[in-house]
Amino acid sequence: MIYAVGIGPGDPDMMPYKTVLLLKEADVISGFETVLRLADKHFNPNALQVSMGYKNQKEKLGEVGIYSREGKKCVVCFMGDVNFSGYEYLDRIHTDCQEPNPIIIPGISSAQMAASKTLTAFETSVFLTFHKRGDISEDKEFLVSALKQGKSAIVIPLPWDFMPAEISQFLLDRGIPHNTHVDVFEHLTWPEEKSYSGTLRECKEKFSDVSIMVISRKTSS
Ligand SMILES: C[S@@+](CC[C@H](N)C(=O)[O-])C[C@H]1O[C@@H](n2cnc3c(N)ncnc32)[C@H](O)[C@@H]1O
Numbered sequence: 001m002i003y004a005v006g007i008g009p010g011d012p013d014m015m016p017y018k019t020v021l022l023l024k025e026a027d028v029i030s031g032f033e034t035v036l037r038l039a040d041k042h043f044n045p046n047a048l049q050v051s052m053g054y055k056n057q058k059e060k061l062g063e064v065g066i067y068s069r070e071g072k073k074c075v076v077c078f079m080g081d082v083n084f085s086g087y088e089y090l091d092r093i094h095t096d097c098q099e100p101n102p103i104i105i106p107g108i109s110s111a112q113m114a115a116s117k118t119l120t121a122f123e124t125s126v127f128l129t130f131h132k133r134g135d136i137s138e139d140k141e142f143l144v145s146a147l148k149q150g151k152s153a154i155v156i157p158l159p160w161d162f163m164p165a166e167i168s169q170f171l172l173d174r175g176i177p178h179n180t181h182v183d184v185f186e187h188l189t190w191p192e193e194k195s196y197s198g199t200l201r202e203c204k205e206k207f208s209d210v211s212i213m214v215i216s217r218k219t220s221s
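Our numbering puts the first residue of the sequence shown at 1, with every later residue one more than the last.
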């Protein structure tokens, strides 16, 4: 069996109890090395860890699939919540692990943390990720139209081509008011957490690849 679990935004204490129990009981724990290191406080010390990077993910997930078919309890760790910007990796569990039905355990997303920090109600917002393979032009148009309809937007940038500064400039070029309020959060819940708060026009800073942006319905005077 393969469990696909969201380990939350980074602080290992912000994990569902169910996920903590699974990590304590797992035979095999897998995921990107950077993600595993955020959650390892809860790992079964005897579990086999199958860590990966972008280059060897196919081969490593293939190994996890074999362990699962041997009857081992396998847990694959996702950043944040599986259901926000996680489906490309989930697809790899289907194809590379050859597991069509992993059990998904949701986690706390960086989007939820960012919403809490900015008092952004989900029902007034749209969620977008540019952190994906392929063409993002439709997503860019969706963002413009959502903001024009008065929605807030919780946005994962695309390292390094469409980061907060480029997103802000794109929105200004598309007629979104320059005083639209923007928050950017870097490494939410990590010890080195950092944030920016200002307007679209002012948002020119460089941020790390672990950043999320909230573009607000509010305007600043
Ligand atoms: C592939 S997406 C996965 C998002 C994740 N599933 C979630 O729910 O937060 C990875 C991107 O999410 C954003 N992200 C994840 N955790 C974050 C955090 N703690 N603080 C800020 N941004 C974060 C970053 O932009 C990162 O590059």
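Cβ atoms here follow ideal geometry from the backbone N, Cα and C, with glycine treated the same way.
If you draw a straight line from the Cα of Met113 to the Cα of Pro9, it is about 8 Å long. Ligand 1 approaches Gly10 closely enough that one of its heavy atoms is under 8 Å from the residue's Cβ. Between the alpha carbons of Asp135 and Glu63 lies a distance of about 31 Å. By the Cβ test, the region 110 to 124 is not in contact with the region 35 to 54, since fewer than three Cβ pairs between them sit closer than 8 Å. With respect to Phe185, Ser109 sits apart: the two C-beta atoms are not nearer than 9 Å. Counting the other Cβ atoms within 10 Å of the Cβ of Glu99 gives 16 or more, which makes it buried. Its Cα nearest to that of Glu202, the residue Asn179 stands out among Asn179, Val214, Val210, Ser195. Beta-bridge analysis with DSSP links Cys77 to Val5.
Contact holds between the region 65 to 82 and the region 22 to 37, because three or more Cβ pairs, one in each stretch, are under 8 Å apart.
By the neighbour-count definition (other C-beta atoms within 10 Å, threshold 16), Gly53 is an exposed residue. In this chain, the alpha helix (DSSP H) harbouring Thr95 covers 87 to 95. In terms of Cβ geometry, Val155 and Leu128 form a close pair [threshold 9 Å]. When DSSP states are grouped into helix, strand and coil, Asp161 belongs to the coil group. With three or more CB-CB distances shorter than 8 Å, the region 159 to 178 counts as touching the region 202 to 212. Here Lys60 is buried, its C-beta having at least 16 other C-beta atoms within 10 Å.
Within a 10 Å sphere around the beta-carbon of Ile2 sit 16 or more other beta-carbons, which makes this residue buried. Between Leu147 and Ile215, the gap from beta carbon to beta carbon is short of 9 Å.
Non-local C-beta neighbours of Pro102 in its own chain, meaning closer than 6 Å and more than five positions away in sequence, comprise Ile2, Ala4, Ile93, ordered along the chain. Short note on Ser116: C-beta not closer than 8 Å to any heavy atom of ligand 1. When the Cα atoms are used, His181 and Tyr87 turn out to be separated by approximately 29 Å. It is roughly 37 Å from the alpha-carbon of Tyr196 to the alpha-carbon of Lys24. Within the same chain, Cβ atoms closer than 7 Å to the Cβ of Leu200 are found at Ser168, Leu171, Leu172, Ile176, His178, Thr180, Val182, the five residues on either side in sequence being excluded. Looking at the DSSP output, Phe127 shares a beta bridge with Ile154.
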